[in-house]
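Asker: Encoded as structure tokens, here's the structure I'll be asking about.
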Amino acid sequence: MPHAIDDAITPIHIHDMTVAYHKKPVLWDVDLAVPEGKLVGIVGPNGAGKSTMIKAIMDLVPKASGWVRIYGRSFAQMRQSIGYVPQRESVDWDFPIRALDVVLMGRYGHVGWLRRPGKIDREIAESALEKVGMADYRDRQINQLSGGQQQRVFLARALAQDARIYLMDEPFSGVDAATERAIIEILMELRSRDKTMLVVHHDLQTVSQYFDWLVLINMRVVAAGDTATVFTEENLNKTYGGRLTVLSDAAQAVADHQRGVS
Amino acid sequence: MPVWDITFQFVLLGSVLIGCTSGVLGTFAVLRKRSLLGDALAHAALPGVALAFMLTQSKALPVLLAGATMSGVVGVLLIQVIVNQTRIKADAALGIVLSVFFGGGIVLLTHIQQSAVGNQSGLDKFLFGQAASIVASDLYAMSVMVVVVLVLVGLFFKEFSALIFDPGFLESIGFAPRWVDLLLMSLIVLTVMVGLQAVGVILVAAMLITPAVSARFWTNHLLKMVFISALIGGLSGATGAWISALAPRIPTGPVMVLVATGIFVISAFLAPQRGLIARWRRLRANHWRENTQHFLRACVELQEQVRQEMKEIALTELAQVMYEPLYRVRRLAKYLVKNRQIEISGDTIQLTEKGYRDGVFVLKSHRLWEYYLVYRSILEEDHVDRSADEVEHILTPEIIERLESILVEEHIDVENVSSIHATESGFRKAGQDG
Amino acid sequence: MVDGSFWIILTGAFAGGACGLLGVFLVLRKMSLLGDALSHAVLPGIVIAFLLSGSRDIIPMFVGAAVFGVITTLLVETFHRHWYVQEDAAIGIVFTSLFALGVVLISAFAGQVDLDQECVLYGEIAYTPWDRIYVGEVDWGPRPVWILGTVFVLDVLFVTLFYKELKITSFDPNIAIAVGIPATLMHYLLMGSVSLTTVAAFESVGAILVVAMLIVPGAAAYLWSDRLPVILVLATAFGIFSAIAGYYLAGLWNSSIAGAMVLVVGGIFGVSLIFAPQYGLLGRVIRQGRLGIRVAQDHILLRLVRESEAKEDARVYIADLLEGSFGARMRSRVAVWLLGRGGLVVWQEEQLTLAEAGFGKATDLLRSHRLWETYFSQLGVPEDHLHHPADALEHFTDESLQQELNAELPDVDTDPQGKQIPKNT
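Chains as they are written, first to last, in this note's numbering: chain F, 66 to 327; chain A, 16 to 449; chain B, 35 to 459.
Shown next as structure tokens:
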């Protein structure tokens with residue numbers, strides 16, 4: 066690596082990470098050091114491994130190689146410092162639960178086993194709801210919320226976790242313009258408080274507007290850094306260009322080989 | 016040996032018919048991911064059987080099966096209503112209908128048992144199956160149904176295949192997928208009903224699932240899969256009937272299911288290509304091939320420095336360069352001698368012409384790949400090795416050609432692609448830090 | 035001396051309640067299938083335990099069931115992940131073959147095992163009063179009551195103590211792991227409790243029917259409420275009630291008690307399916323009907339007020355209003371009647387005219403409609419497409435929404451077709 070990285074002050078440091086789904090490599094040899102206090106966009110075509118990278122940071126999927134350090138320590142040690150906003154589709158919205166209860170879940174890590182959330186936890190949850198503009202909906206059943214409202218509740222839950230780093234998986238997909246604006250404002254406010262945000266994003270139009278740091282991914286990191294420097298036509302070609310099918314063909318060949326099919 | 020009389024022949028024939036038909040329809044059911052719907056159908060059929068008896072006082076198979084079909088279909092339709100009109104999900108809907116209808120059937124059955132004349136009206140054979148109770152008239156009814164089912168499957172085979180793999184195409188040639196699906200479901204219903212008597216309500220679903228899944232190990236081709244599944248189903252039926260005749264206390268249903276499961280396990284291990292043993296063999300062969308290729312590549316790289324003649328390379332040097340223990344290098348060397356890729360004398364080896372050519376091919380794939388990765392700024396220099404190492408064995412000639420053409424388009428002289436390292440490439444096992 | 039039937043009912047109540055309570059989580063986690071599979075697959079474990087221990091002791095039975103529960107999970111995993119069999123087929127193969135094994139064992143060793151096929155199916159709850167626990171010389175009551183009572187209490191404790199852990203892992207396992215709550219551990223704890231309860235209830239309700247007691251009460255409760263605590267209590271209550279009612283019905287019909295329990299709980303589900311206020315079918319039909327009638331009323335008012343723009347004395351023949359499908363005609367009939375009763379229109383022979391009150395409401399509707407048309411036209415919607423969305427939205431535009439629209443469209447007097455937008459009265 067060109068320069069030494071001081072782990073202790075680096076929110077997320079990934080080294081040589083490879084992730085495979087069913088023996089098929091989906092992320093190859095990722096090297097990444099995310100600086101503190103930035104709004105980082107993760108961008109790439111479908112199936113490029115953006116969600117996978119977030120999940121791998123959180124140990125939600127196993128790594129075939131490499132490691133991840135959060136402020137110099139392992140994820141398990143730094144769990145409380147990370148807020149997570151998963152994809153909306155990952156959840157069953159018919160579940161019998163109210164908006165406030167969902168946000169309260171963000172406090173469970175602080176509450177501990179066998180105990181109930183206390184008054185302070187409740188207050189934090191309520192203020193998180195207010196911050197996302199959903200205070201009036203605290204008692205609303207989640208299946209009565211629109212897509213944008215659901216996304217805001219998810220965000221409130223992450224805010225209630227009171228973290229230093231926020232990982233968000235496609236928070237703007239299927240969301241109306243007003244909600245998108247509201248969420249971005251909250252993220253920028255978080256940034257002004259030196260929080261670090263990693264956001265998986267799909268809309269190239271808004272990239273320069275939203276993010277000051279960018280990671281371009283297509284099965285491996287094509288480029289990472291300052292948005293102004295990284296967001297170039299050349300890099301975009303490398304990320305979205307069709308030539309990369311050779312790489313995915315090779316990945317498929319590796320998978321077949323490992324499964325003994327070829 | 017069971018007595019080979021006409022009764023047993025009926026039983027055998029009936030069981031084989033049931034097994035074959037279940038195998039055939041089961042193939043479609045499993046591929047449509049509808050395996051458990053057959054289970055729901057069967058459980059939901061029980062109250063129908065009991066009601067049919069209560070209303071007509073007849074134990075004739077067609078009557079009972081008519082009742083079974085009606086209540087089975089009602090159950091399946093109810094599942095659809097629950098899933099479509101409420102927030103209850105498919106798995107719960109299936110479980111609800113299955114268990115409640117079955118409970119209703121049990122209530123009716125026990126009621127009949129308490130009040131009926133003589134022995135329990137023979138209805139409880141529908142629970143676990145009793146192929147031994149198949150009589151001539153039953154066999155006629157069953158044969159008719161089986162013939163109908165198989166003829167329809169034969170006629171609509173192409174449409175069913177399209178339904179499974181490409182519903183869009185089906186629509187484009189004028190068949191509404193909904194109607195084809197409905198036909199398929201009706202045939203599944205008929206098949207389940209046919210099997211009820213021999214296998215019983217509880218386990219007949221197994222005959223839909225297990226033979227089809229076993230057949231999957233043997234082939235990828237739909238028509239072959241149907242035939243193999245029918246074969247396995249028929250075999251399970253026959254064996255089940257045979258064993259059950261030897262031990263009359265044991266109902267046929269469970270025996271058939273156990274036989275089918277046994278065949279499943281055997282298929283999983285022994286099937287060529289998709290079976291486990293075949294896969295393990297291929298994995299080992301691949302592993303072996305990887306190692307021999309590394310050997311050759313290491314030789315060729317060492318050879319590179321000496322242009323005139325085939326260099327004599329010490330085994331120990333190879334072991335160092337390859338990061339492998341000496342004994343393994345020796346074993347590889349012995350194999351390569353047999354393959355006429357090297358010649359060995361004492362503790363040194365020399366590449367043959369063949370060995371040199373083969374080694375160069377491997378080396379070329381490795382370097383092309385390295386070059387591509389770096390050239391495309393895909394990876395930093397110090398990461399390239401591992402990926403190239405893993406991939407070079409798997410790159411088919413087609414992929415290598417594509418790589419070459421991509422690099423040629425960029426005006427790279429492929430023939431003279433030199434290693435980007437100052438030192439030789441090493442071999443690093445995956446998963447370790449640098 | 036307590037009546038034998040009391041013990042039977044108590045046993046059943048504990049079984050029904052415990053199953054119903056845990057089953058809520060099976061339903062919510064979409065694991066109904068696994069519950070079904072487990073209850074079938076533990077049969078050989080129980081039979082082997084019988085054979086080996088020679089007694090009906092609960093401990094060997096539970097050990098046997100636990101062993102086979104683990105075997106089931108392992109086999110499904112192996113078939114699905116390592117043998118590449120699709121998941122539902124893998125579950126199907128495992129539980130049918132294990133169940134078949136159990137039945138074969140029972141029939142083969144019929145003499146040695148105090149268990150027969152019928153018992154497997156629907157339990158022997160009727161024998162409860164005679165199967166008693168003796169500590170020393172003291173008769174402590176029927177054994178099944180003690181076993182199921184303990185299991186019931188344990189289940190209640192489990193759900194209460196681990197309530198939030200169960201809730202978060204059922205709703206969103208990802209956030210659970212992120213927050214530090216071990217989803218896998220909770221999964222195994224839940225499956226363990228289900229297995230324990232299944233085995234305990236096995237003697238009373240049999241293998242197949244225990245599935246019903248697990249899933250159906252929870253599913254029924256799910257239709258009545260949106261609050262998880264309410265659902266849990268309701269499911270437990272449904273389970274207990276089914277047991278009690280089932281006993282009496284079985285006596286009435288001369289049939290299996292377990293089967294009757296299942297029928298009762300099925301009946302509760304059926305009633306819930308139809309009559310639950312928000313999520314039941316009847317409620318939906320009624321709500322849709324009401325909405326349809328309201329829309330029909332609005333359309334009639336609009337028609338009248340538009341006529342009145344053209345000529346002074348606007349009247350419409352009722353017969354003209356009754357057009358369209360059977361359902362539409364019915365709705366219009368009811369709408370006309372309701373409008374008359376509410377004093378919004380006046381019936382005169384076969385014709386309708388707007389009453390004063392009706393005029394106000396109709397004008398308001400017209401205003402909404404034309405505001406919407408203007409709004410959409412400004413968004414770029416072509417003129418011939420304007421009527422449709424306006425027609426849809428006009429029924430739901432209350433005063434505050436109208437004001438919002440107004441704010442978006444200041445200084446607008448006429449709609450895109452040049453017609454006057456009525457002023458706010």
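Note that beta-carbon positions come from the ideal geometry of N, C-alpha and C, so glycine has one too.
All of these numbers come straight from a predicted model, not from anything done at the bench.
1. Can you tell me whether L178 of chain A is helix, strand or coil according to DSSP?
2. At what residues does the beta strand (DSSP E) containing D91 of chain B begin and finish?
3. Give me whichever residues DSSP pairs with G169 of chain A in a beta bridge.
4. Please list the residues of the region 248-279 of chain B that have a C-beta atom closer than 9 Å to any C-beta atom in chain F, keeping them in chain order.
5. For F102 of chain B, tell me which candidate among B:S229, B:M95, B:S238 and B:V76 has the shortest Cα-Cα distance.
6. So what's W132 of chain F in DSSP terms, helix, strand or just coil?
7. Any beta carbon of chain B sitting closer than 7 Å to that of G174 of chain F?
8. Pull the bridge partners of L366 of chain A from the DSSP assignment, please.
9. On the DSSP bridge list, what partners appear for R163 of chain F?
10. Which class does D259 of chain F belong to by DSSP, given the choice of helix, strand or coil?
11. May I ask you to report which of helix, strand or coil DSSP gives V76 of chain B?
12. Report, in whole angstroms, the separation of the C-beta atoms of W90 of chain A and A59 of chain A, which I expect to be a contact under 8 Å.
13. Going by Cα to Cα distance, which pick from F:Q274, F:S146, F:E101 and F:M199 is closest to I74 of chain F?
14. Figure out for me which residue from A:R355, A:K353, A:L317 and A:L330 has the closest Cα to the Cα of R343 of chain A.
15. Could you check how far apart the C-beta atoms of A275 of chain A and P340 of chain A are, in whole angstroms? I think they sit under 8 Å.
16. Is I79 of chain F near V95 of chain F, with beta carbons less than 7 Å apart?
17. Go ahead and label S130 of chain F buried or exposed: buried means 16 or more other beta carbons lie within 10 angstroms of its beta carbon, across all protein chains shown.
18. Would you kindly report the start and end of the unbroken beta strand (DSSP E) that includes W381 of chain B?
19. For T206 of chain A, which of helix, strand or coil comes out of DSSP?
20. Could you check where the alpha helix (DSSP H) with M123 of chain F kicks off and where it finishes?
21. Put V274 of chain A into one of helix, strand or coil per three-state DSSP.
22. Should V240 of chain F be flagged as near chain B, meaning a C-beta pair shorter than 7 Å?
23. Beta carbon of S187 of chain A: closer than 6 Å to some heavy atom of the ligand ZN?
24. Using the rule of at least 16 other Cβ atoms within 10 Å of the residue's Cβ for burial, across every protein chain shown, is Q129 of chain A buried or exposed?
25. Counting only the same chain and skipping the five closest in sequence on each side, list residues whose C-beta sits under 7 Å from that of W93 of chain F.
26. What's the gap between the Cα of S411 of chain B and the Cα of T397 of chain B?
27. So who's on the other strand from W278 of chain F, going by DSSP bridges?
28. Which chain A residues sit within Cβ distance under 9 Å of S141 of chain B?
29. Is D432 of chain B close to chain F? Criterion is C-beta to C-beta, closer than 7 Å.
30. Note down, in chain order, every chain B residue with its Cβ under 9 Å from the Cβ of V156 of chain F.
31. How is the beta strand (DSSP E) around H78 of chain F delimited, first residue to last?
32. Please report whether the beta-carbon of V119 of chain B lies at a distance below 7 Å from any beta-carbon of chain F.
33. Of the residues F:G174, F:M233, F:G114 and F:T297, which one's Cα is nearest the Cα of R153 of chain F?
34. Could you pull out every residue in the same chain whose Cβ sits closer than 6 Å to the Cβ of R289 of chain A, ignoring the five residues on either side in sequence?
35. Return yes when the Cβ of V265 of chain F is within less than 7 Å of the Cβ of E235 of chain F, no when it is not.
36. So, is the C-beta of L179 of chain F closer than 7 Å to a C-beta in chain B?
Answerer: A quick look at the data gives this:
1. For L178 of chain A, the three-state secondary structure derived from DSSP is helix.
2. For D91 of chain B, there is no enclosing beta strand (DSSP E), as DSSP marks it with neither H nor E.
3. In DSSP, G169 of chain A forms no bridge with anything.
4. Listed by position along the chain: Y256, S259, D260, R261, L262, V264 and I265.
5. Selected option, being the one with the closest Cα: B:V76.
6. Looking at W132 of chain F - three-state DSSP - the assignment turns out to be strand.
7. So yes, G174 of chain F belongs to the interface.
8. In the DSSP output, where bridge partners are listed per residue, L366 of chain A has A:I357.
9. Answer is F:Q206, bridged to R163 of chain F.
10. The answer is coil: DSSP assigns D259 of chain F none of H, G, I, E or B.
11. Coil.
12. The sequence given here places Gly at residue 90 of chain A; Trp does not occur at that position. With a Cβ gap of about 3 Å, G90 of chain A and A59 of chain A count as contacting.
13. The residue with the shortest Cα to Cα distance from I74 of chain F is F:E101.
14. Nearest to R343 of chain A by alpha-carbon distance, out of A:R355, A:K353, A:L317 and A:L330, is A:L330.
15. 48 Å between Cβ atoms; not a contact.
16. Taking 7 Å as the cut-off, the beta carbon of I79 of chain F is found closer than this to the beta carbon of V95 of chain F.
17. Around the CB of S130 of chain F, 16 or more other CB atoms lie within 10 Å, so the residue is classed as buried.
18. V379 to Q382 is the extent of the beta strand (DSSP E) around W381 of chain B.
19. Three-state DSSP puts T206 of chain A in a helix.
20. Premise fails: M123 of chain F is in no alpha helix (DSSP H) and is neither H nor E.
21. In the three-state DSSP reduction, V274 of chain A falls in the helix class (H, G or I).
22. Judged by the 7 Å Cβ criterion, V240 of chain F is not in contact with chain B.
23. In terms of ligand content, the structure shown is empty, and the ligand ZN therefore cannot be addressed.
24. Residue environment: Q129 of chain A is assigned as exposed (fewer than 16 neighbouring CB atoms within 10 Å of its CB, all protein chains considered).
25. Same-chain partners within the cutoff: T83, M284 and R285.
26. Those two C-alpha atoms are separated by around 21 Å.
27. DSSP lists F:V105 and F:D291 as partners of W278 of chain F.
28. Neighbourhood of S141 of chain B in chain A, by CB distance below 9 Å: F143, A262, R264, I265, P266 and P269, in chain order.
29. Any Cβ of chain F closer than 7 Å to the Cβ of D432 of chain B would place that residue at the interface, and such an atom is absent.
30. Taking the beta carbon of V156 of chain F as reference, the chain B residues within 9 Å of it are F205, D206, N208 and I209, listed in sequence order.
31. First-last of the beta strand (DSSP E) with H78 of chain F: I77 to Y86.
32. By this cut-off, V119 of chain B is not an interface position.
33. Of F:G174, F:M233, F:G114 and F:T297, the residue nearest in Cα terms is F:M233.
34. Within its own chain, the residues whose Cβ lies closer than 6 Å to the Cβ of R289 of chain A, once the five positions on either side in sequence are excluded, are F232, listed in chain order.
35. Yes, the pair counts as a contact, with Cβ atoms nearer than the cut-off.
36. Among the CB atoms of chain B, one or more fall inside 7 Å of the CB of L179 of chain F.
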